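**Q** One structure, pasted below without further comment.
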């Protein structure tokens, strides 16, 4: 009995040594990511949480003020205005973005092998720097001699003042955001190509037309991809910054009316780097984080009823 027990004990010690060696090797390979995450993500995140409870202007040391920054947020009219602009932009942009993306993906799916060139052309605008897109917005949507209004004049329509009329600034930015639908088009195209063709054949045998097939076959089977695009673009919409800041706030721009383009992240940026209210800006950042968390959580709950997953589970 002693010899088998000794062999089992030796094997157990050998397994533990092997497990420790594997753990050390895994940590060694993961160490660049762990160090990078700790230094550039975890520490700034925790420090910003601390700064949100302080009065800090970069020049002087942080002074603890508790929840005063958060109380001030509730009374700041610019916060409410920027939140309203951001909510309007996101709520209008997401459905329009999905419709355009789905329409282009359906066209590419019908094109078959000839879609290769168009996939590349649709994706290329995604590579354009956001600053360049902001400048391009001013050129295309200029109320006097912009290309968009010029095209509208050719069909007898007088275009609005996209860059100076507060009622048209956000619609113009929403239309400009459709410039970068290419990556989402490719995601939906891949989802469409994975829909089994026999399901369409069965639907046609049952007398279903194009719209019925789209509603009962296509949309349920690509709903996970649609849901992914909605979540990602909702988060991006709530953090809208680059194009609007370049067009209406960059380089001391005072030519155009910019209150309608004051999105939440732009106001956060102003508080942090123009007014040096770092504590106040950190509180704004945590409020935005909480808002994104709540909105994403609601979307996940809704997805249980609307998103079809393989195996019939919702």
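Residue numbers (the working numbering): 1 to 314.
Think of the CB as a built atom: it goes at the ideal place given N, C-alpha and C, for glycine as much as any other residue.
If you're wondering where the values come from, they're calculated on a predicted model, not measured in any experiment.
To the nearest angstrom, how far is the alpha carbon of residue 300 from that of residue 213?
**A** Approximately 26 Å, taken between the alpha carbons.
**Q** Taking one C-beta from the stretch 302 to 311 and one from the stretch 216 to 236 each time, how about it: are there three or more such pairs within less than 8 Å?
**A** Output reads yes: the stretch 216 to 236 touches the stretch 302 to 311.
**Q** Checking 8 Å against the spacing of the C-beta atoms, do residue 234 and residue 90 come in under that value?
**A** In this structure, residue 90 lies closer than 8 Å to residue 234 by Cβ.
**Q** Considering Cα atoms alone, identify which of 190, 216, 71, 74 is closest to residue 200.
**A** Ranking 190, 216, 71, 74 by Cα distance to residue 200 puts 216 first.
**Q** If we call anything under 8 Å between Cβ atoms a contact, is residue 57 one with residue 268?
**A** Their beta carbons are not under 8 Å apart, which means residue 57 does not touch residue 268 by this criterion.
**Q** Any idea if residue 45 is buried or exposed, counting beta-carbon neighbours within 10 angstroms, 16 or more meaning buried?
**A** Classification of residue 45: exposed, given that the 10 Å Cβ count is below 16.
**Q** Short of 7 Å in beta carbon distance, which residues of its chain neighbour residue 105, apart from the five on each side in sequence? Order them along the chain.
**A** 185, 188, 189, 192, listed in sequence order.
**Q** Check whether the stretch 123 to 132 touches the stretch 145 to 157, counting contact only when three or more Cβ pairs, one atom from each stretch, lie closer than 8 Å.
**A** Too few Cβ pairs lie closer than 8 Å, so no.
**Q** When we look at the beta-carbon of residue 162 and count the other beta-carbons within 10 Å, is it buried (16 or more) or exposed?
**A** Counting Cβ neighbours within 10 Å, residue 162 comes out buried, since at least 16 surround it.
**Q** If I measure Cβ to Cβ from residue 303 and keep anything under 6 Å in the same chain, skipping five residues before and after, which residues do I get?
**A** Excluding positions up to five away in sequence, the list reads 227.
**Q** Enumerate, from N- to C-terminal direction, the unbroken alpha helix (DSSP H) stretches of 4 or more residues contained entirely within the stretch 14 to 64.
**A** Counting only runs of 4 or more, we get 43 to 51.
**Q** Whose CA, out of 298, 274, 265, 84, lies closest to the CA of residue 288?
**A** Ranking the options by Cα distance to residue 288, first place goes to 265.
**Q** Going by alpha carbons, who is nearest to residue 79 out of 262, 279, 272?
**A** Out of 262, 279, 272, 262 has the C-alpha closest to the C-alpha of residue 79.
**Q** Can you give me the C-alpha to C-alpha distance between residue 24 and residue 18, rounded to a whole angstrom?
**A** Cα to Cα, residue 24 sits roughly 10 Å from residue 18.
**Q** Suppose the cutoff is 6 Å on Cβ atoms and the five residues either side in sequence are ignored; what does the same chain contact list for residue 177 look like?
**A** Result list for residue 177: 93, in chain order.
**Q** For the stretch 190 to 268, list the alpha helix (DSSP H) runs that are entirely contained and at least 4 residues long, ordered along the chain.
**A** Correct list: 197 to 205, 210 to 213, 219 to 238, 242 to 248.
**Q** Among 143, 183, 153, whose alpha-carbon lies nearest the alpha-carbon of residue 168?
**A** It is 143.
**Q** For residue 41, count neighbouring C-beta atoms within 10 Å of its own C-beta (all shown protein chains included) and say buried if the count is 16 or more, exposed if not.
**A** Label assigned to residue 41: exposed.
**Q** For residue 271, which of helix, strand or coil comes out of DSSP?
**A** Helix, per DSSP.
**Q** Which residues mark the beginning and the end of the alpha helix (DSSP H) in which residue 177 is found?
**A** Per DSSP, residue 177 belongs to the alpha helix (DSSP H) from 166 to 177.
**Q** Check whether the stretch 19 to 39 and the stretch 238 to 249 are in contact - that is, three or more C-beta pairs closer than 8 Å.
**A** The stretch 19 to 39 is not in contact with the stretch 238 to 249.
**Q** Would you tell me roughly how many angstroms separate the C-alpha atoms of residue 68 and residue 283, rounded to the nearest one?
**A** The straight-line gap from Cα to Cα measures roughly 10 Å.
**Q** Among 99, 138, 66, 73, which has the Cα closest to the Cα of residue 281?
**A** The shortest Cα separation from residue 281 among 99, 138, 66, 73 belongs to 73.
**Q** Tell me which same chain residues have a C-beta within less than 7 Å of the C-beta of residue 237, skipping the five on either side of it?
**A** Contacts found: 89, 90, 93, 94.
**Q** Are there 16 or more other CB atoms within 10 angstroms of the CB of residue 148, so buried, or fewer, so exposed?
**A** It is buried - the Cβ of residue 148 has at least 16 other Cβ atoms within 10 Å.
**Q** Which of the three DSSP states, helix, strand or coil, is assigned to residue 144?
**A** Coil, per DSSP.
**Q** At 4 residues or longer, what runs of the alpha helix (DSSP H) sit wholly inside the stretch 62 to 140?
**A** List check, alpha helix (DSSP H) in window: 68 to 75, 77 to 111, 116 to 123, 130 to 140.
**Q** According to the neighbour-count rule (16 or more other Cβ atoms, all chains shown, within 10 Å of its Cβ), is residue 10 buried or exposed?
**A** Residue 10 is exposed by the Cβ-count criterion.
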